[in-house]
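Heads up: the structure comes next, in structure tokens.
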Amino acid sequence: MNAPASVESQLAEHRNYLLRFARLQLRNDAWAEDAVSETLLAALSKPQSFGNKSQLKTWLVGILKHKVLDTFRHNAREVSLDVAPDSDGQEELDSLMFKADGHFAQAPASWGNPEQDLSSRQFFAVLEACTDKMPVALGRVFLMREWLELSSEEICKELNLTSTNLYVQLHRARLRLRECLELNWFGQRTENV
Amino acid sequence: MVPLWRTCKEAAALLVAREDRALPINDRLALRIHLLACKACPDFERQLLTLRQAMKQWRNYSEQDSA
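Going line by line, the protein sequences match chains L and S.
Going by this note's numbering, the first sequence opens with residue 521, and the numbers climb by one from there.
Going by this note's numbering, the second sequence opens with residue 8, and the numbers climb by one from there.
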């Protein structure tokens with residue numbers, strides 16, 4: 521069944537949005553383009569499936585997540601080779617955070633009441649930029665956990681990782697995200713007060 | 008007997024690890040003791056909680072049809 525023109529234009533409106541998330545997760549522009557194209561083709565082949573226009577984006581993102589996972593599987597060898605960085609600056613980050621005796625070099629700042637931050641579009645732009653700045657392997661693993669919502673076991677299986685290796689990667693990603701938000705959002709906010 | 012004292016660096020590592028896996032009972036107990044005695048680590052714990060909430064909302068935001 522062919523999709524009517526109005527459906528095609530509705531889908532086209534979402535292309536850039538889908539591409540943004542595909543790039544963030546896949547860290548490879550060509551793969552992201554392919555995943556989004558396949559998402560839109562899958563949607564076009566079943567236009568009757570989205571009778572409810574208000575849920576179109578939710579439906580498309582759901583398809584995209586499956587396509588992203590398919591992309592990881594098709595490129596499994598290349599992806600798993602990426603996930604082995606031992607010198608990604610984590611030791612430097614650790615030594616900045618902690619003194620030799622294991623105490624914080626500088627006590628963690630209070631981030632106040634984050635309710636206001638979590639309702640700010642600007643905050644999420646900074647959060648996305650921080651995620652985007654992560655090294656390729658860390659970003660992929662972190663978003664597989666946080667955006668694709670895969671379990672640790674599923675990620676290990678998809679990327680052929682040991683659980684120890686996965687936990688190290690996730691640990692590094694979370695500390696980097698915290699550091700980046702501290703520098704680019706929470707720290708700046710307290711300076712301006 | 009397993010020592011239950013942890014440095015801030017060790018406690019922080021446990022707090023981060025807790026986001027992705029269940030901690031063994033000894034680590035949970037040691038972490039609890041450390042958080043009661045430490046001034047800095049509870050703030051670090053709150054920061055991680057904020058990150059968890061932020062990621063959850065960002066995920067919802069990515070799927071919303073309508074920040």
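Idealized CB from N, CA, C, for every residue including glycine.
Residue 581/L belongs to the set of residues whose beta carbon lies under 8 Å from a beta carbon in chain S. Closest in alpha carbon position to residue 54/S, among 38/S, 22/S, 17/S, is 22/S. Residue 32/S sits exposed, since fewer than 16 C-beta atoms from the chains shown fall within 10 Å of its C-beta. Across the structure, residue 647/L and residue 538/L are spaced so that their CA atoms are roughly 17 Å apart.
Contact of residue 655/L with chain S is not assigned, every C-beta pair being separated by 8 Å or more. 27, 28, 46: these are the residues of the stretch 27-46 of chain S whose beta carbon lies less than 8 Å from some beta carbon of chain L, given in chain order.
Counting along the chain, no alpha helix (DSSP H) covers residue 637/L, and no H or E run does either. Shown here for residue 42/S: same chain residues with a beta carbon closer than 8 Å to its own, the five before and five after excluded, namely 18, 48, 49, 52 in chain order. The Cβ atoms of residue 589/L and residue 534/L do not sit closer than 8 Å to each other. At a cut-off of 8 Å between C-beta atoms, residue 622/L counts as an interface residue with respect to chain S. For a Cβ distance threshold of 8 Å, nothing in chain L lies close to residue 21/S: the least Cβ distance comes to about 10 Å.
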